[in-house]
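> According to mature numbering (1 follows the signal peptide of the UniProt record, and there is no 0), the residues represented by the sequence shown are -18 to -1, 1 to 156, in order.
The beta carbon of each residue, even a glycine, is placed where N, CA and C say it ideally should be.
Note that the structure is a prediction, hence the values are computed from the model and not measured.
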Amino acid sequence: MKIWPVIASIAFVTSVHAQTPYAGMQTRSIKALSEQQIADLGAGRGMGLALAAELNGYPGPLHVLELADKLELSAEQRAGMQRLFDSMKAEAMPLGAKLVEQEAELDKLFATRTVTPESLKASTAAVAATQGMLRETHLKYHLSTGSILTPSQMTKYAELRGYGSGGHKRHHHH
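Pasting the structure below:
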C-alpha cells in the first residue's frame, strides 16, 4: 500500500505548519497588526471591542442603522442613531490611528534592537491606555442606543442579529 507514505507526508507537513503559526507575519509592516486590522483601526470600526455591550442587549449604532427599516425606526430615531454613529466614528478614528502609531513604535523598538525594559514598559503602557480608550469609546455608544430605541425594538434587534432572547436582561433607559 503506497497510500501510507503519502498520509505520513501530509501529517508531517501539517504538524510542521501547526508549529509555525506566525510564519509569514514577519513581512508585516507592523508585526502585531494585519493590514485588515490597520484599516479597521483607521476607519474607526469596532473590531469586536464592544462585544460586552452588544451581546448583553446594548445594540451598536452602526448595526441599528443597518437594520433601521426592519426595526421600523422613526425619522427622529434614525437621525439620533446617525448622530451617535458619527460621534463614535469621530472619536474612534483618531484613537485607532494613535494605536497604529504606538504599535509601529513598539515594533520599531524590537526591529532596531533598541528596546530596553524601560522603553518596553512605557510603550506597552501607552498601547494599553489607547486600547482602553478605544474600547471605552465603542462601549459608551452602545450604551447610548438604549435611550433612542424602544424596548420592543431592542428585542427585535437581538432577534435580527441572531441572539434570540439569550436569557440576558435588557437594560433600557428612556
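Nearest CA to the CA of M70: which residue from G26, N38, G62 and I130?
To locate residue 70, count along the sequence shown from 1; it is residue 88. For M70, the nearest C-alpha among the options comes from G26.
> Whole angstroms is fine: what's the gap from D89's alpha carbon to A14's?
Translated into positions along the sequence shown, residue 89 becomes position 107. Translated into positions along the sequence shown, residue 14 becomes position 32. Using only the alpha carbons, I get a separation of about 8 Å.
> Which ranges would you report for the alpha helix (DSSP H) in the stretch 74 to 152 if only whole runs of at least 4 residues count?
99 to 127 and 133 to 142
> Enumerate, from N- to C-terminal direction, the unbroken beta strand (DSSP E) stretches of 3 or more residues contained entirely within the stretch 26 to 64.
none
> Identify which residue in A93, G62 and G78 has its Cα closest to the Cα of Q8.
Mapped onto the sequence shown, residue 8 falls at position 26. Among A93, G62 and G78, the Cα nearest to that of Q8 is on A93.
> Spatial neighbours of Y145 within its chain, please: C-beta separation below 8 Å, excluding the five flanking residues on both sides.
Taking the first residue of the sequence shown as position 1, residue 145 is located at position 163. Excluding positions up to five away in sequence, the list reads L37.
> To the nearest whole angstrom, what separates the beta carbons of Y139 and L49, a pair I think is in contact under 8 Å?
Reading the sequence shown from its first residue, position 157 is the one you call residue 139. Reading the sequence shown from its first residue, position 67 is the one you call residue 49. Indeed, because the Cβ distance is near 6 Å, the residues count as touching under 8 Å.
> Expressed to the nearest angstrom, what Euclidean distance is found between the alpha-carbon atoms of L66 and A107?
Within the sequence shown, the letter at position 84 stands for residue 66. Within the sequence shown, the letter at position 125 stands for residue 107. Using only the alpha carbons, I get a separation of about 29 Å.
> Which residues in the same chain as H154 place their Cβ atom closer than 7 Å to its Cβ, once the five residues preceding and following it in sequence are excluded?
Within the sequence shown, numbered from 1, the residue matching residue 154 stands at position 172. Any reading at H154 must be qualified, since the residue scores a pLDDT of 47, below 50, and its modelled position is unreliable; no value is offered.
> Within its chain, find whatever has a CB closer than 8 Å to the CB of Q84; leave out the 5 residues flanking it on each side and keep chain order.
Taking the first residue of the sequence shown as position 1, residue 84 is located at position 102. So the qualifying residues of the chain are S105, A108, V109 and T112.
> Roughly how many angstroms separate the alpha carbons of L91 and V82, rounded to a whole number?
Taking the sequence shown and counting its residues from 1, one reaches residue 91 at position 109. Taking the sequence shown and counting its residues from 1, one reaches residue 82 at position 100. Taking the straight line from one Cα to the other gives about 14 Å.
> Within a Cβ cutoff of 7 Å, which residues of the same chain sit near L77, ignoring the five residues on either side of it in sequence?
Locating residue 77 in the sequence shown gives position 95, where the first residue counts as 1. Excluding sequence neighbours, L77 sits near T112, M115, L116 and T119.
> Quick one: what's got a C-beta closer than 7 Å to L53's C-beta in the same chain, skipping five residues either side?
As a first step, residue 53 must be located in the sequence shown, where it is residue number 71. Excluding sequence neighbours, L53 sits near V46, Q135, K138 and Y139.
> Does DSSP put K71 in a helix, in a strand, or in coil?
Here the question's residue 71 lines up with position 89 in the sequence shown. Of the three classes helix, strand and coil, the one that applies to K71 here is helix, per DSSP.
> Going straight from the alpha carbon of E58 to that of Y40, what length do you get?
Position 76 of the sequence shown, counting from 1, holds the residue named residue 58. Position 58 of the sequence shown, counting from 1, holds the residue named residue 40. Going by the C-alpha atoms only, they are around 19 Å apart.
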